[in-house]
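Undergrad: Under UniProt numbering, read the sequence shown as residues 1 to 150, first letter to last.
Quick reminder that beta carbons are idealized off the backbone N, C-alpha and C, glycines included.
Quick one: the structure is below, and I'll ask about it shortly.
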Amino acid sequence: MKKTLVEQILDKAGIAHDPLALNALKDDLPENISKSDIYKTLALTGNNGPVIGIIPLTQHLSEKKLAKVSGNKKVSMIPQKDLQKTTGYIHGANNPVGIRQKHAFPIFIDEVALNKDFMIVSAGEVGRSIQLQPQLLADFVHANFADISE
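Here it is, written out as structure tokens:
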């Protein structure tokens, strides 16, 4: 499999990760992976501009909590038609590594990730993912951990 740009960026930075080919919404997951290990990267906008929230697939984002921790009065999802021009990625391919490379948007990872040995996020293409340690990802993309799910 050809490496995605995100995998190449992580390789170059020496960040340990495992590439995965899976579509969490369609595929049966391998035995050692549950849906709560897979995180969705959501792009929102507030009065301070775009903000990224990363939460488990099994959770719902609290816009109120994300607004508070990001210093916004209110945040709302970026409309799908504006997603690619804002983040550089289509729906289903948003990922914190690629977004951080192009933009300095604030990134918040739900604090439940701190209790995990690994998390899985998109590798920048639909059907491609990467598995890595939550703290490694947070350090690399300058993300903060916060309670942002409901």
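1) According to DSSP, is Val69 helix, strand or coil?
2) Would you decide whether residue 158 is buried or exposed? Buried here means 16 or more other CB atoms lie within 10 Å of its CB.
3) Count the other C-beta atoms from every protein chain shown that fall within 10 angstroms of the C-beta of Ser122, then say buried if there are 16 or more, exposed otherwise.
4) Give me, in chain order, the residues of the same chain whose beta-carbon lies closer than 7 Å to that of His91; leave out the 5 immediate sequence neighbours on both sides.
5) Could you please give the first and the last residue of the uninterrupted alpha helix (DSSP H) stretch that includes Lys110?
6) Which residue's Cα is closest to the Cα of Leu66: Leu57, Ile78, Ile52?
7) State the beta-bridge partners of Thr87 as determined by DSSP.
8) Kindly identify the DSSP beta-bridge partner or partners of Met77.
TA: Taking the geometry as given:
1) Against the sequence shown, residue 69 aligns to sequence position 69. Val69: helix per DSSP, three-state reduction.
2) Only positions 1 to 150 of the chain appear in this structure, which leaves residue 158 out of reach.
3) Your numbering for residue 122 matches position 122 in the sequence shown. Classification for Ser122: buried.
4) As a first step, residue 91 is located in the sequence shown; it is residue number 91 there, counting from the start. Gln80, Leu83.
5) For the purposes of this step, residue 110 is taken as the residue at position 110 of the sequence shown. Per the sequence shown, residue 110 should be read as Asp rather than Lys. Segment 107-110 is the beta strand (DSSP E) holding Asp110; no alpha helix (DSSP H) there.
6) The residue you call residue 66 lines up with position 66 of the sequence shown. Cα-wise, what sits closest to Leu66 is Ile52.
7) For the purposes of this step, residue 87 is identified with residue 87 of the sequence shown, where counting begins at 1. Under DSSP, Thr87 takes part in no beta bridge, so it has no partner.
8) Within the sequence shown, the letter at position 77 stands for residue 77. Looking at the DSSP assignment, Met77 forms a beta bridge with Leu44.
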